[in-house]
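One structure is given below, encoded as structure tokens.
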Amino acid sequence: VVARISAAFRNAKNLHVSNRKFHPLSPESGDPWEGIVQQARKVRAIDGDSDDLNFLMRAAAVEHSLAEAVRKEPKLAVATAKVTSLEKSLASRSKEIAMQNARLG
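Here the working numbering is used: the first residue of the sequence shown is 8, the next is one more, and so on.
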């Protein structure tokens, strides 16, 4: 939970709460929940929508998933080529076995 909140703060690009120079969840913070509440109020005050913080967290999750998918796309292409090659090898080996069985039978 703390990691998700920290990620939301980082994605908000507004880590400073009031006159403090540190992250609301840092050890220097006297009351981390006060920092979280103040940050949530700032995010919600953008347009008054109570779901802004939830949207921010969902958007960060989607962005991360897309970035990961893009990063893994070359690996997917290589894996697909390997699977295709293995399927061809299996098909040819199956034909060879079928021919050998036909000769024996």
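C-beta: ideal position from N, C-alpha, C; glycine also.
Just so we're clear, the structure is a prediction, and the values are computed from it rather than from any experiment.
Assignment of E70 by DSSP, reduced to helix, strand and coil, places it in the helix class. Taking 8 Å as the cut-off, the beta carbon of R11 is found closer than this to the beta carbon of M64. Residue environment analysis places I43 among the buried positions, since at least 16 neighbouring C-beta atoms fall within 10 angstroms of its C-beta.
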